[in-house]
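**Student:** The sequence shown runs 5 to 95 under this note's numbering. Just so it is clear, CB atoms sit at the ideal spot from N, CA and C, and this is done for glycine as well. Mind having a look at this structure? Questions to follow.
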Amino acid sequence: MADSSAEDLSDLPPSAKLVYKVLEYNGGMTQKGIVEESMLSARTVRYALERLQGIDAVSEDVYFADARQNLYQITPEAMAEASAETAAADD
């Protein structure tokens with residue numbers, strides 16, 4: 005992948021950006037938690053998570069409290085790129 009996640013994130017639809025921000029502010033969450041926090045439909049959140057996983061901005065792990073669900077988190081690489089973008093914008 006030649007582009008960085010931060011550049012790819014700017015090309016995503018607003019719903020995917022909202023899901024990214026929800027994860028950024030709240031840390032790891034299940035899809036159900038993201039739906040409740042963002043007030044988006046479950047289908048929209050699923051699509052947004054697929055898009056975010058496609059650019060390696062979000063990772064999917066097993067949610068140990070309930071193995072039927074997955075835990076979604078921002079990848080360390082995407083977090084580092086986002087903070088670098090923010091620092092560059094502040095200068």
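Do you know offhand how far alanine 46's Cα is from arginine 72's?
**Tutor:** Roughly 16 Å between the two C-alpha positions.
**Student:** Between the Cα of leucine 22 and the Cα atoms of Asp12, Gly32 and Met43, which residue gives the shortest distance?
**Tutor:** Closest by alpha carbon: Met43.
**Student:** Count the other CB atoms within 10 Å of the CB of tyrosine 29; is the residue buried (16 or more) or exposed (fewer)?
**Tutor:** With fewer than 16 other Cβ atoms within 10 Å, it is exposed.
**Student:** Using beta-carbon positions only, say whether leucine 75 and threonine 34 come within less than 8 Å of one another.
**Tutor:** Taking 8 Å as the Cβ cut-off, leucine 75 and threonine 34 qualify as a contacting pair.
**Student:** Can you tell which of Asp70, Phe68, Leu16 and Ala91 has the C-alpha that lies nearest to the C-alpha of leucine 53?
**Tutor:** Looking at the Cα atoms, Leu16 is the closest of the given residues.
**Student:** On the DSSP letters alone, give me the boundaries of the beta strand (DSSP E) that aspartate 60 sits inside.
**Tutor:** Run containing aspartate 60: none; DSSP gives neither H nor E here.
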